[in-house]
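Following: one structure in C-alpha coordinates, then a few remarks.
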Amino acid sequence: MVLAVAVPSAIQQPAADGVKPAFEIASVKPNTSGNSGRGVTLLQPGGGLVATNVTLRELVAFANQRYPFDQREVTGGPPWVDSDRFDVVAKATGEHVVDPDGAPRQTLLMLRTLLAERFKLKAHEENRDRSVYLLMMATAEGTLGLKLRQSDIDCGAVMKGQRPAMQPGQGPPCGFKTPPGRLFANTFTMPAIASLISRHVDRPVVDRTGLEGRFDIELEAAEIKPPADYKPGPSDLALPPAAGPSIFVAVREQLGLKLEPQFAPVAVLVIDHAERPSAN
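The sequence shown begins at 0 in numbering that gives the first Met the number 0 and counts up one residue at a time.
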(Lines of atoms letter the chains of each structure in order from A and count residues from 1; the text may use other names and numbers.)
(Lines give C-alpha, C1' and ligand atoms only; values in the text may rest on other atoms or scores of the structure.)
Protein backbone atom coordinates (compact mmCIF):
# COMPACT_ATOMS: atom_id res chain seq x y z
CA MET A 1 0.00 0.00 0.00
CA VAL A 2 1.55 3.29 -1.10
CA LEU A 3 0.55 6.32 0.89
CA ALA A 4 1.84 9.84 0.82
CA VAL A 5 0.18 11.66 3.62
CA ALA A 6 -0.33 14.94 5.37
CA VAL A 7 1.30 16.86 8.22
CA PRO A 8 -0.01 20.15 9.58
CA SER A 9 3.24 22.10 9.12
CA ALA A 10 6.77 21.58 7.96
CA ILE A 11 10.12 20.89 9.66
CA GLN A 12 9.75 19.71 13.26
CA GLN A 13 6.76 19.71 15.60
CA PRO A 14 7.08 18.31 19.13
CA ALA A 15 4.23 16.71 21.01
CA ALA A 16 2.20 18.71 23.51
CA ASP A 17 4.44 17.51 26.36
CA GLY A 18 7.60 18.64 24.53
CA VAL A 19 8.73 15.10 23.69
CA LYS A 20 9.31 14.53 19.98
CA PRO A 21 7.47 11.46 18.63
CA ALA A 22 9.93 8.73 17.65
CA PHE A 23 9.92 5.23 16.20
CA GLU A 24 10.54 2.34 18.59
CA ILE A 25 13.14 0.86 16.24
CA ALA A 26 14.73 2.29 13.10
CA SER A 27 17.48 1.35 10.68
CA VAL A 28 19.13 3.66 8.12
CA LYS A 29 21.60 2.08 5.69
CA PRO A 30 23.21 3.09 2.39
CA ASN A 31 21.42 1.50 -0.56
CA THR A 32 23.81 -0.80 -2.44
CA SER A 33 21.52 -1.88 -5.29
CA GLY A 34 23.11 0.46 -7.83
CA ASN A 35 19.63 1.48 -8.97
CA SER A 36 19.53 5.20 -9.76
CA GLY A 37 15.75 5.28 -10.23
CA ARG A 38 13.34 7.07 -7.95
CA GLY A 39 12.89 5.50 -4.54
CA VAL A 40 9.69 4.39 -2.87
CA THR A 41 8.43 5.04 0.66
CA LEU A 42 5.71 2.78 2.04
CA LEU A 43 3.58 2.95 5.16
CA GLN A 44 2.70 -0.57 6.28
CA PRO A 45 0.05 -1.98 8.63
CA GLY A 46 1.35 -2.42 12.16
CA GLY A 47 3.10 0.94 12.35
CA GLY A 48 5.85 0.11 9.89
CA LEU A 49 7.62 2.44 7.48
CA VAL A 50 9.91 1.23 4.70
CA ALA A 51 11.84 3.52 2.34
CA THR A 52 13.91 1.90 -0.40
CA ASN A 53 16.54 3.54 -2.62
CA VAL A 54 15.61 7.08 -1.53
CA THR A 55 17.68 10.24 -1.38
CA LEU A 56 17.66 12.50 1.66
CA ARG A 57 15.89 15.16 -0.39
CA GLU A 58 13.09 12.68 -1.15
CA LEU A 59 12.84 11.74 2.53
CA VAL A 60 12.64 15.39 3.58
CA ALA A 61 9.90 16.06 1.04
CA PHE A 62 7.95 12.98 2.14
CA ALA A 63 8.25 13.74 5.85
CA ASN A 64 7.08 17.33 5.47
CA GLN A 65 4.00 16.90 3.31
CA ARG A 66 1.16 19.25 4.17
CA TYR A 67 -1.51 17.08 2.52
CA PRO A 68 -1.64 13.73 0.70
CA PHE A 69 0.78 13.44 -2.22
CA ASP A 70 2.05 16.96 -1.65
CA GLN A 71 4.86 17.74 -4.11
CA ARG A 72 7.11 19.69 -1.77
CA GLU A 73 9.90 21.74 -3.31
CA VAL A 74 13.06 21.12 -1.28
CA THR A 75 16.18 23.15 -2.01
CA GLY A 76 19.63 23.58 -0.47
CA GLY A 77 21.91 21.03 1.15
CA PRO A 78 25.23 19.46 0.07
CA PRO A 79 25.45 17.57 -3.27
CA TRP A 80 25.16 14.14 -1.64
CA VAL A 81 21.53 14.77 -0.58
CA ASP A 82 20.69 14.03 -4.23
CA SER A 83 23.33 11.41 -5.05
CA ASP A 84 23.49 9.16 -1.97
CA ARG A 85 20.62 6.68 -1.63
CA PHE A 86 19.36 5.02 1.52
CA ASP A 87 17.15 2.21 2.80
CA VAL A 88 15.10 3.02 5.89
CA VAL A 89 13.15 0.50 7.97
CA ALA A 90 11.29 1.77 11.04
CA LYS A 91 8.46 0.68 13.29
CA ALA A 92 6.31 2.50 15.82
CA THR A 93 5.11 0.97 19.08
CA GLY A 94 1.63 0.49 17.63
CA GLU A 95 -0.53 0.96 14.57
CA HIS A 96 -0.35 4.19 12.59
CA VAL A 97 -2.58 6.83 14.19
CA VAL A 98 -4.84 7.92 11.35
CA ASP A 99 -6.48 11.34 11.52
CA PRO A 100 -10.09 11.77 10.34
CA ASP A 101 -8.90 12.84 6.88
CA GLY A 102 -6.92 9.61 6.48
CA ALA A 103 -3.50 11.11 7.20
CA PRO A 104 -1.17 9.38 9.74
CA ARG A 105 0.47 12.64 10.79
CA GLN A 106 2.02 11.13 13.91
CA THR A 107 4.07 8.75 11.76
CA LEU A 108 5.51 11.60 9.71
CA LEU A 109 6.42 13.45 12.89
CA MET A 110 8.38 10.32 13.85
CA LEU A 111 10.12 10.35 10.48
CA ARG A 112 11.11 13.99 10.96
CA THR A 113 12.57 13.08 14.35
CA LEU A 114 14.52 10.25 12.70
CA LEU A 115 15.94 12.58 10.04
CA ALA A 116 17.00 15.11 12.68
CA GLU A 117 18.72 12.42 14.75
CA ARG A 118 20.42 10.32 12.06
CA PHE A 119 21.17 13.00 9.45
CA LYS A 120 21.53 15.96 11.87
CA LEU A 121 19.02 17.64 9.58
CA LYS A 122 18.19 21.30 10.05
CA ALA A 123 15.83 23.09 7.69
CA HIS A 124 13.43 25.97 7.45
CA GLU A 125 10.48 26.99 5.30
CA GLU A 126 10.16 30.19 3.30
CA ASN A 127 7.86 31.60 0.63
CA ARG A 128 9.21 32.10 -2.88
CA ASP A 129 7.33 33.47 -5.87
CA ARG A 130 6.59 30.84 -8.51
CA SER A 131 4.59 30.54 -11.73
CA VAL A 132 1.63 28.32 -10.83
CA TYR A 133 -1.82 27.29 -11.96
CA LEU A 134 -4.67 28.05 -9.57
CA LEU A 135 -7.24 25.23 -9.43
CA MET A 136 -10.61 26.97 -9.20
CA MET A 137 -14.31 26.30 -9.67
CA ALA A 138 -15.20 26.58 -13.35
CA THR A 139 -18.60 28.20 -12.71
CA ALA A 140 -19.98 30.71 -10.25
CA GLU A 141 -22.55 28.12 -9.16
CA GLY A 142 -19.78 25.74 -8.08
CA THR A 143 -21.28 22.71 -9.83
CA LEU A 144 -19.04 19.63 -9.63
CA GLY A 145 -18.28 17.63 -12.75
CA LEU A 146 -19.52 14.07 -13.14
CA LYS A 147 -16.03 12.67 -12.53
CA LEU A 148 -15.52 14.45 -9.19
CA ARG A 149 -17.42 12.90 -6.27
CA GLN A 150 -17.37 13.11 -2.47
CA SER A 151 -15.61 9.98 -1.16
CA ASP A 152 -17.14 7.55 1.34
CA ILE A 153 -14.04 5.32 1.70
CA ASP A 154 -12.72 4.88 5.28
CA CYS A 155 -8.92 5.19 5.08
CA GLY A 156 -8.58 4.23 8.75
CA ALA A 157 -10.14 0.86 7.95
CA VAL A 158 -7.95 0.51 4.86
CA MET A 159 -4.81 1.06 6.96
CA LYS A 160 -5.96 -1.88 9.10
CA GLY A 161 -6.26 -4.11 6.05
CA GLN A 162 -10.02 -3.72 5.46
CA ARG A 163 -10.11 -2.94 1.76
CA PRO A 164 -13.47 -1.98 0.19
CA ALA A 165 -14.66 -3.59 -3.03
CA MET A 166 -13.57 -1.43 -5.97
CA GLN A 167 -14.93 -1.51 -9.48
CA PRO A 168 -12.46 -2.21 -12.33
CA GLY A 169 -10.61 0.94 -13.28
CA GLN A 170 -11.44 2.83 -10.08
CA GLY A 171 -7.92 2.82 -8.73
CA PRO A 172 -6.76 1.83 -5.24
CA PRO A 173 -8.63 2.99 -2.13
CA CYS A 174 -6.76 5.85 -0.43
CA GLY A 175 -4.38 6.08 -3.38
CA PHE A 176 -4.10 6.78 -7.07
CA LYS A 177 -2.91 5.32 -10.36
CA THR A 178 -2.18 6.75 -13.79
CA PRO A 179 -2.61 4.29 -16.65
CA PRO A 180 -1.94 5.93 -20.04
CA GLY A 181 -4.23 8.91 -20.55
CA ARG A 182 -6.08 8.49 -17.25
CA LEU A 183 -5.86 9.51 -13.61
CA PHE A 184 -7.83 7.67 -10.91
CA ALA A 185 -7.61 8.92 -7.31
CA ASN A 186 -9.67 8.04 -4.24
CA THR A 187 -10.14 9.82 -0.88
CA PHE A 188 -8.07 12.85 -1.91
CA THR A 189 -8.46 16.37 -0.58
CA MET A 190 -8.53 19.15 -3.16
CA PRO A 191 -4.95 20.26 -2.38
CA ALA A 192 -3.86 16.67 -3.02
CA ILE A 193 -5.80 16.55 -6.29
CA ALA A 194 -4.10 19.80 -7.31
CA SER A 195 -0.75 18.19 -6.55
CA LEU A 196 -1.58 15.16 -8.71
CA ILE A 197 -2.62 17.36 -11.63
CA SER A 198 0.64 19.32 -11.32
CA ARG A 199 2.53 16.18 -12.36
CA HIS A 200 1.02 16.47 -15.83
CA VAL A 201 1.35 20.21 -16.50
CA ASP A 202 4.31 22.59 -16.72
CA ARG A 203 4.04 24.26 -13.31
CA PRO A 204 2.75 23.61 -9.76
CA VAL A 205 -1.01 23.61 -9.22
CA VAL A 206 -2.38 25.35 -6.11
CA ASP A 207 -5.88 24.64 -4.79
CA ARG A 208 -8.21 27.62 -4.71
CA THR A 209 -11.52 25.73 -5.04
CA GLY A 210 -12.64 26.22 -1.45
CA LEU A 211 -13.93 22.63 -1.46
CA GLU A 212 -13.61 20.75 1.85
CA GLY A 213 -13.53 17.02 2.46
CA ARG A 214 -12.18 14.12 0.41
CA PHE A 215 -13.03 13.22 -3.14
CA ASP A 216 -12.79 10.43 -5.71
CA ILE A 217 -11.89 11.52 -9.25
CA GLU A 218 -11.54 10.06 -12.72
CA LEU A 219 -9.74 12.25 -15.25
CA GLU A 220 -9.07 11.35 -18.88
CA ALA A 221 -6.63 13.69 -20.64
CA ALA A 222 -4.00 13.51 -23.36
CA GLU A 223 -1.14 14.75 -21.16
CA ILE A 224 -1.48 12.08 -18.46
CA LYS A 225 1.46 9.69 -18.68
CA PRO A 226 2.10 6.58 -16.56
CA PRO A 227 5.24 6.33 -14.40
CA ALA A 228 8.37 4.86 -15.95
CA ASP A 229 7.91 1.55 -14.11
CA TYR A 230 4.22 1.22 -15.04
CA LYS A 231 2.94 -2.30 -15.66
CA PRO A 232 -0.75 -2.59 -16.61
CA GLY A 233 -2.88 -4.75 -14.34
CA PRO A 234 -6.00 -6.68 -15.35
CA SER A 235 -8.29 -3.71 -14.64
CA ASP A 236 -6.09 -1.44 -16.77
CA LEU A 237 -6.12 -3.88 -19.67
CA ALA A 238 -9.92 -3.95 -19.51
CA LEU A 239 -10.15 -0.18 -20.07
CA PRO A 240 -10.92 1.10 -23.58
CA PRO A 241 -8.14 3.13 -25.23
CA ALA A 242 -7.87 6.61 -23.73
CA ALA A 243 -8.95 9.42 -26.04
CA GLY A 244 -9.19 12.41 -23.74
CA PRO A 245 -8.86 16.10 -24.64
CA SER A 246 -6.13 18.40 -23.33
CA ILE A 247 -5.87 18.41 -19.56
CA PHE A 248 -7.11 22.01 -19.40
CA VAL A 249 -10.30 21.05 -21.24
CA ALA A 250 -10.64 17.79 -19.28
CA VAL A 251 -10.38 19.49 -15.89
CA ARG A 252 -13.20 21.84 -16.85
CA GLU A 253 -15.50 19.34 -18.59
CA GLN A 254 -14.98 16.30 -16.34
CA LEU A 255 -14.30 17.84 -12.91
CA GLY A 256 -16.13 21.17 -13.14
CA LEU A 257 -12.88 22.99 -12.31
CA LYS A 258 -10.42 25.18 -14.22
CA LEU A 259 -6.69 25.91 -14.27
CA GLU A 260 -5.79 29.62 -14.20
CA PRO A 261 -2.14 30.70 -14.76
CA GLN A 262 -0.87 32.96 -11.99
CA PHE A 263 2.27 34.16 -10.19
CA ALA A 264 2.01 33.35 -6.48
CA PRO A 265 4.12 32.66 -3.36
CA VAL A 266 4.87 28.97 -2.76
CA ALA A 267 6.20 27.51 0.51
CA VAL A 268 9.65 26.01 -0.12
CA LEU A 269 11.69 23.85 2.27
CA VAL A 270 15.35 24.88 2.56
CA ILE A 271 17.95 22.43 3.93
CA ASP A 272 20.35 24.40 6.16
CA HIS A 273 22.47 21.50 7.40
CA ALA A 274 22.73 17.74 6.90
CA GLU A 275 25.31 15.04 7.64
CA ARG A 276 25.61 11.53 6.31
CA PRO A 277 23.80 9.23 8.77
CA SER A 278 25.44 7.76 11.81
CA ALA A 279 25.71 3.99 12.14
CA ASN A 280 22.64 2.15 13.41
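Note that beta-carbon positions come from the ideal geometry of N, C-alpha and C, so glycine has one too.
Ends of the beta strand (DSSP E) at residue i?
i	result
D86	F85 to K90
A139	Here A139 belongs to no beta strand (DSSP E), and DSSP marks it neither H nor E.
Would DSSP call residue i helix, strand or coil?
i	result
R117	helix
S277	coil
V96	coil
L297	Nothing can be reported for residue 297, as the shown portion of the chain is limited to 0 through 279.
D215	strand
S234	helix
Decide if residue i is buried, meaning its Cβ has at least 16 other Cβ atoms within 10 Å, or exposed.
i	result
Y66	buried
Q149	exposed
V157	buried
A91	buried
I331	Given that the chain is displayed from residue 0 to residue 279, the structure contains no residue 331 and the question cannot be resolved.
L147	buried
H123	exposed
Which partner residues does residue i have in the DSSP bridge list?
i	result
G47	Q43 and K90
Y132	V204 and P260
G75	I270
A62	None, per the DSSP bridge assignment.
S26	V88
K176	F183
E125	V267
V53	F85
Can you give me the start and stop residues for the alpha helix (DSSP H) that residue i sits inside?
i	result
F247	I246 to L254
A191	M189 to S197
L145	Premise fails: L145 is in no alpha helix (DSSP H) and is neither H nor E.
Would you say residue i touches the ligand GDP, meaning its beta carbon is less than 6 Å from a heavy atom?
i	result
L110	Within the structure as shown, the ligand GDP is missing, as the structure has no ligands at all.
Using a Cβ distance threshold of 8 Å, determine whether the stretch 129 to 148 contacts the stretch 49 to 60, with at least three qualifying pairs required.
no
Are the stretch 108 to 118 and the stretch 220 to 231 in contact at 8 Å, needing three or more beta carbon pairs?
no
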